[in-house]
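Reviewing the structure listed below.
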Amino acid sequence: MTRADCAERRTGTIPRQRAARVVATAPCTPPRLQFPVVRRTRLLDRLSESVRTVPLTVVWAPAGAGKTTLAATWAAHHPPTAVHVTWLRVDDGDSGLAAVRARLTHARHDPAATVLVVDNAERLTDPLVPQLIDDLVRDESCRCRVVLLSRVEPPLPLHRYRLDGSVAELGYDDLAFDEREAADLLRLHDVPASSGSARMLVERTAGWAAGIRIAALTLQHAAEPVPVEEVEACLTPAHNLMADYLVAEVVQPMTAFERRLLRSTCVYADLDGALVDELTGRDDGRHVLLELARRHAFVRRVGPASETFRVHPLLRQVLYAEAVHDAPEAVLAAHRRAARWCLAHGRFARAVHHHVQARDWAQVSELVVERRLGELLVGSEGADVAAQLSRIPDDADAPRLDLARAAAALVLGETGRARTHL
Numbered sequence: 009m010t011r012a013d014c015a016e017r018r019t020g021t022i023p024r025q026r027a028a029r030v031v032a033t034a035p036c037t038p039p040r041l042q043f044p045v046v047r048r049t050r051l052l053d054r055l056s057e058s059v060r061t062v063p064l065t066v067v068w069a070p071a072g073a074g075k076t077t078l079a080a081t082w083a084a085h086h087p088p089t090a091v092h093v094t095w096l097r098v099d100d101g102d103s104g105l106a107a108v109r110a111r112l113t114h115a116r117h118d119p120a121a122t123v124l125v126v127d128n129a130e131r132l133t134d135p136l137v138p139q140l141i142d143d144l145v146r147d148e149s150c151r152c153r154v155v156l157l158s159r160v161e162p163p164l165p166l167h168r169y170r171l172d173g174s175v176a177e178l179g180y181d182d183l184a185f186d187e188r189e190a191a192d193l194l195r196l197h198d199v200p201a202s203s204g205s206a207r208m209l210v211e212r213t214a215g216w217a218a219g220i221r222i223a224a225l226t227l228q229h230a231a232e233p234v235p236v237e238e239v240e241a242c243l244t245p246a247h248n249l250m251a252d253y254l255v256a257e258v259v260q261p262m263t264a265f266e267r268r269l270l271r272s273t274c275v276y277a278d279l280d281g282a283l284v285d286e287l288t289g290r291d292d293g294r295h296v297l298l299e300l301a302r303r304h305a306f307v308r309r310v311g312p313a314s315e316t317f318r319v320h321p322l323l324r325q326v327l328y329a330e331a332v333h334d335a336p337e338a339v340l341a342a343h344r345r346a347a348r349w350c351l352a353h354g355r356f357a358r359a360v361h362h363h364v365q366a367r368d369w370a371q372v373s374e375l376v377v378e379r380r381l382g383e384l385l386v387g388s389e390g391a392d393v394a395a396q397l398s399r400i401p402d403d404a405d406a407p408r409l410d411l412a413r414a415a416a417a418l419v420l421g422e423t424g425r426a427r428t429h430l
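Below, the structure written as structure tokens:
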């Protein structure tokens, strides 16, 4: 065991992946896109502005967010005149990083105006490469601009660059599709989507480009307008194309520790340190979330100063389906732990949700009828609680459970159904 391994075990930090051997392809022209592309003027203009004004641009977002598509579109149509664009793609292989080093070293002393686009920059694991980039950023006489396309936050002193104004950043929120762009993508794929489909796709995918395109590919050339429900079905873990992409591009590259932790917490949408501790038995949940957010763009802070983090909804669905298949009893136990935590923190509706998911009918009955029946009928969370109770199957049985279901039906305005439970 290495000294680093020992340190990781002592501190409980996330184990880091070993540095992969990589090979950079020879400098080449940008890739030619072989699929319909939505013209995203707002992003193309931002990229042009950043290349014009700062030495370093970092485009940091998860797999399938549209990093390469954006940069390739810009390089093909929008670079400033008299500027040469060099594209460098970093791929797995048996060679070292000589090509990357050579290009960065040459670029610093090249008198010609050059933009060096480095795709797959998350694979630049050699510690010398960040130093070369740092030298280039700090050299005011250098005429080279660097654009890094990465799935993770690059190991650079971004805090310093932000303060001195030498870096521009495009992240997940910037690359996320809005409703108009999603509608444009559906039209480009000849999807006769019904009204509301684009809005639903943006909400369910959080604007993730690959998710929207997978839905478009699945439904393209449909003869009749596709209802929203059919579009939404393309986003479920049961849909092979969506699940296969997420597993191959997002889940498999994770360390075993990261995958295990995210599976342990996938019963809950929004996480903070205390909840992670409750669900996993750890005592460093906040630190773990910070590390995950730094290394995986699919785990993100809800707000700039927030202590709450959110796992991308589609990734969480895939992890949940995987956990249910592999360890269903562990999933039920996680729901029970989440219910206890929610109740202790005043989240009554979420507590009911997790008890329902755990099929703890006696707990549902005791919680709703014995302790919170009045809150269900007149409280602010009444509608949410009633919606959770309406999901209880008819064959569920527990003392006074029918009373809880009758109260839920009344809240939802279903008086006939309420009578059947009394």
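Read left to right, the sequence shown gives residues 9 to 430 (the numbering used here). All residues carry an ideal CB built from backbone N, CA and C; glycine is no exception. As the structure is a prediction and not an experimental result, all values here were calculated from the model.
Next item on the list: Output the boundary residues of the beta strand (DSSP E) element that contains residue 152.
Entry: 152–158
Next item on the list: Let me know the beta strand (DSSP E) ranges lying completely inside the region 301–366, each 3 residues or longer, listed in chain order.
Entry: 307–309, 317–319
Notebook entry, point to check: Once you ignore the five residues that flank residue 223 on each side, which residues in its own chain have a CB closer than 7 Å to its CB?
Noted result: 209, 239, 242, 243
Margin query: On the DSSP letters alone, give me the boundaries of the beta strand (DSSP E) that residue 66 sits inside.
Written below: 64–68
Checklist line | Buried or exposed by the 16-neighbour rule on C-beta atoms within 10 Å, applied to residue 43 | finding: exposed
Next item on the list: Tell whether a beta-carbon distance below 8 Å holds between residue 93 and residue 123.
Entry: yes
Notebook entry, point to check: Where are the beta strand (DSSP E) runs, 3 residues long or more, that stay fully inside the region 120–198, in chain order?
Noted result: 122–127, 152–158, 175–178
Check: Can we say the region 73–87 touches the region 213–222, given the rule of at least three CB pairs closer than 8 Å?
Finding: yes
Item checked: For residue 234, three-class secondary structure by DSSP -> strand
Check: In its own chain, which residues sit with a C-beta less than 6 Å from the C-beta of residue 363, not counting the 5 before and 5 after it?
Finding: 347, 371, 372
Note to self: Using a 10 Å radius around the Cβ and a threshold of 16 neighbouring Cβ atoms, would you call residue 154 buried or exposed?
What the structure shows: buried
Item checked: Residue from 175, 171, 230, 117 with nearest C-alpha to residue 196 -> 230
Checklist line | Cα-Cα separation, residue 414 to residue 236 | finding: 31 Å
Check: At what residues does the alpha helix (DSSP H) containing residue 250 begin and finish?
Finding: 248–254
Note to self: Count Cβ pairs between the region 79–93 and the region 107–114 that sit closer than 8 Å; are there 3 or more?
What the structure shows: no
Next item on the list: List the DSSP bridge partners of residue 201.
Entry: 234
Check: Anyone know if the C-beta pair for residue 180 and residue 69 falls short of 8 Å?
Finding: yes
Notebook entry, point to check: Is any heavy atom of the ligand COA found at a distance shorter than 7 Å from the C-beta of residue 305?
Noted result: The model on display carries no ligand, and the ligand COA is accordingly not part of it.
Next item on the list: Buried or exposed for residue 58, please, with buried defined as at least 16 other CB atoms from any protein chain shown within 10 angstroms of its CB.
Entry: buried
Next item on the list: With DSSP collapsed to three states, give me the class of residue 104.
Entry: With a pLDDT of 42 at residue 104, under the threshold of 50, the modelled position of this residue cannot be trusted; read the value that follows with caution. Residue 104 falls in the coil class under three-state DSSP.
Item checked: Through-space distance from residue 106 to residue 30, alpha-carbon basis -> With a pLDDT of 34 at residue 30, under the threshold of 50, the modelled position of this residue cannot be trusted; read the value that follows with caution. Distance between the alpha carbons of residue 30 and residue 106 is about 10 Å.
Notebook entry, point to check: DSSP state of residue 285, grouped into three classes?
Noted result: helix
Note to self: What does the Cβ neighbour count give for residue 399, buried or exposed, with the cut at 16 atoms within 10 Å?
What the structure shows: exposed
Checklist line | Per-residue DSSP class, three states only, for residue 278 | finding: strand
Check: Using 8 Å as the Cβ pair cut-off and three pairs as the minimum, do the region 335–353 and the region 303–310 touch?
Finding: no
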